[in-house]
Amino acid sequence: MTAPHRAPDLAAPLDEALDQARTVADAVLFEGYVLYPYRASSAKNRMRWQFGVLVPPACTAEGGEHAEQRTDLLLEPRSGDRLHAELRFLHVRRRTVERLDPDGSYTEVPELELPDRVLVPWDEGHEERIRLHAPLAELTGEQAHARTVTFDLPPGTEHEPVLDDEGRTLGRLVRRRGRLSGEIRPYVEQLPGPYRLSRLTVTVHNTVDTPPPPHGADRDDALPHSMIGAHLLLGVEGGRFLSMTDPPEWARPAVAGLRNENTWPVLAGPADREDVVLSSPIILEDHPALADESPGPLYDATEIDEILSLRTAALTDHEKREARGTDARAAEVIDLVDTMPEAVRERLHGAIRGLREVTGEDDGTTGGPTPGLALPEGSGHPWWDPQQDPEAADAPATVSIDGEAVGEGSRVLLAPGFRRTDAQDAFLRGCRATVEAVVADLDGEVHLAVVLDDDPGNDIRRQQGRFLYFKPDEVTPLREEEP
């Protein structure tokens, strides 16, 4: 076994760029780690580890997983440059729960109740990092083979005692890990042509030797010997990587000849840097970044943070205790939501970043309403109020429909057009509504903002400014004497 190379002291700028890229890489590594409602008993958490799973070679046929990743990149190097590579993945530690019996022996149990949590069996993910540092000049030709980094993580068992508030032993947690071995192979090849351009290829292989599983074997049997969420962080001092998504025109033919398998490399770190790459099993754009409004990792990116936080806050005390006992990261989510200040929760409602150049909002600011749509002083106003928006002044106060002036306070009968509306609006045909405002869109077309007369949530809709919108020819004025 060749031990991973000791990391040299990187130049501060590259080191800082790699640190920024790691924040996004952490989100990739733990994506889907534990899903809402953050309990092991939830059906969503019984089929885990969806991204970047590299299984033993003998297990590729049964589960449809892969045993290797290949990253291809274009690089404009400088003489004397060094490649800094970091392979990151999770190694499964299978946890069981045992109760201490009166005779001093331990018995495996499905759960162990504690005042603050309920401990249950669970697969924990332990982060592993394997590093490679080598001059680019040594990654060409036959000499590149000597720079292959191999690693071997032996099997093992760990015990953690479970104590009560008085320090007495109630049981223990038993964590078992399987053997996991692999290798990282870097190779640099200079490409022909007028440009000094090289192709960097880095392959990651799971090399653990396990017997072939029987036909129909459970995928879970291979996970303790697998790399989970496997991805690469690559940095090069002085040189620069070319974007695979938006390469220079002259480099497009070379990009078309690259072969990336089970991963996708993007430029990472600050937007003005081209010397750091994140090769991720999840498709990302160049220079991905975490949202400023995000209060912390929630691990369930299929949900909106705002909705996910509100749902988590609504869990019962017993559900929260089970979540805390499921995993330490799930416990952190529960504590995060339970202690989240209201101001932070409001920021989760979102931000319109595309308007910052127009409104002049500083890119460094986080969240909050957009200028022009800001919450007026005092309470009782919606997040968008036609009377507070200067752009709304372009809309007329009333609009003529069937010879009658229709405006704020007018009552109308809804008649949405079948050809230009969705199915939900079609259900509103024939409903009575009250006009809240006459507004104009960016194209100058006039619309009526309305609320349904028989909607019990009208007070909330008015407070939040959440209206239904129809064109003038989709409503009919309603006279009070009409039944």
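Numbering (this note's numbering), first residue to last: 457 to 939. Note that beta-carbon positions come from the ideal geometry of N, C-alpha and C, so glycine has one too.
Ile684 has its alpha-carbon roughly 37 Å from the corresponding atom of Pro648. Excluding five sequence positions before and after Thr782, the CB atoms of its chain that fall closer than 8 Å to its own CB belong to Val490, Tyr494, Arg495, Ala496, Asn501, Val576, Trp578, given in chain order. For the pair Asp794 and Ala769, the CB atoms are nearer than the 8 Å cut-off. Pairing Pro704 with Phe486 gives a Cβ-Cβ distance that is not under 8 Å. DSSP, read as helix, strand or coil, puts Gly560 in coil. DSSP links Gln525 through a beta bridge to Val660. Rounded to the nearest angstrom, the Cβ distance from Pro933 to Val855 is 10 Å, too far for a contact under 8 Å. Taking a contact to require three or more Cβ pairs closer than 8 Å, the region 472-487 and the region 759-767 do not qualify as touching. Boundaries of the alpha helix (DSSP H) around Asp761: 761-769. In the structure shown, Arg780 adopts helical secondary structure according to DSSP, grouped into three states. When the alpha-carbon of Gly623 is set against those of Gly638, Pro667, Leu570, Leu609, the nearest one is in Leu570. Taking each of Asp742, Ser735, Asp858 in turn and checking the Cα distance to Asp528, the smallest one comes out for Ser735. Fewer than three Cβ pairs drawn from the region 773-787 and the region 503-511 lie within less than 8 Å of each other, which leaves the two stretches out of contact.
In terms of Cα proximity to Glu614, the closest of Arg867, Glu892, Arg550, Pro872 is Arg550. Looking from the CA of Pro669, the closest CA among Thr625, Cys515, Gly581, Phe545 belongs to Cys515. Taking every protein chain shown into account, the CB of Tyr492 has 16 or more other CB atoms within 10 angstroms, so this residue is buried. Considering only Val605, Arg918, Leu626, the residue with the shortest C-alpha distance to Ser637 is Val605. Residue environment analysis places Trp505 among the buried positions, since at least 16 neighbouring C-beta atoms fall within 10 angstroms of its C-beta. For a cut-off of 8 Å, the C-beta gap from Leu898 to Leu884 is around 25 Å, too long to register as a contact. Per DSSP, Ile684 lies in no alpha helix (DSSP H) segment; the continuous beta strand (DSSP E) that holds it begins and ends at 684-692.
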